[in-house]
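Take 687 as the starting number for the sequence shown in the numbering used here and just add one per residue.
Some notes on the structure that comes next.
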Amino acid sequence: MPESNDQTGVLFVCLGNICRSPLAEGIFIHLARERGVLDRFRVDSCGTGGWHAGERADPRSIAVAAKHGIELPSIARKFDRRRDPVEFDWLIPMDRQNHRDLLDHGVPREKLRLMLDFHPDPPTREVPDPYYGGPDGFDKVYEMLRVACDAMLCSLLC
Ligand code: 4NP
């Protein structure tokens, strides 16, 4: 069913849905709540792969979010090619491979924006996958996601 209310649907997408997209989801929810506009959005995240379905976010994502007073509500799930392109207004892939995979799954190009395309001064075009690295990778990902989510929220509220 398409969104039947006035909420804007935002779906953050990465590969495993345990590191980057749950962090983006938690940051976006936090910023929208801070601004008193959370009820205007439906926010979720998913992975193009389903290996971690049912799991909470990676402990390193949970830890970096907690350092900044942010909780991560995400339980990992796989992208649903039938429902997600219809139910969400914006699908926000973290990297180009996620973007290609969503296009291959039939997501309309005009609903897709790379996460860092919202960043005013992006260090790279893609949010690097921190899964196989150390904890400092999660700090770097947090910083770029925070700036990008803030800019994204501004652009959606304008
Ligand atoms: P994410 O990171 O896409 O940011 O959630 C990954 C998590 C798990 C795997 C790959 C990337 N994995 O291969 O299990």
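Glycine included, every Cβ here is placed at the ideal spot set by N, Cα and C.
It should be emphasised that the depicted structure is a prediction, and the values quoted were computed from it without experimental measurement.
So, at 7 Å on beta carbons, what are the nonlocal neighbours of residue 708 in its own chain, with the 5 sequence-adjacent residues on each side left out?
731, 743, 747, 758, 760
With a Cβ-Cβ cutoff of 7 Å, do residue 805 and residue 756 count as a contact?
no
Select from 762, 776, 779, 793 the residue whose C-alpha is nearest the C-alpha of residue 768.
Checking every option, the nearest Cα to that of residue 768 belongs to 793.
What did DSSP end up calling residue 731 once you bin it into helix, strand or coil?
strand
Figure out for me which residue from 819, 700, 838, 721 has the closest Cα to the Cα of residue 785.
700
Mapping the DSSP letters down to three states, classify residue 696 as helix, strand or coil.
strand
Quick one: is the Cβ of residue 701 within less than 6 Å of any heavy atom of the ligand 4NP?
Because some heavy atom of the ligand 4NP lies under 6 Å away, the Cβ of residue 701 counts as near it: yes.
Restricting to Cα atoms, I'd like to know which of 814, 819, 842 is closest to residue 706.
814
Return the CA-CA distance between residue 817 and residue 803, expressed in angstroms with no decimal places.
Cα atoms of residue 817 and residue 803: separation of roughly 22 Å, rounded to the nearest angstrom.
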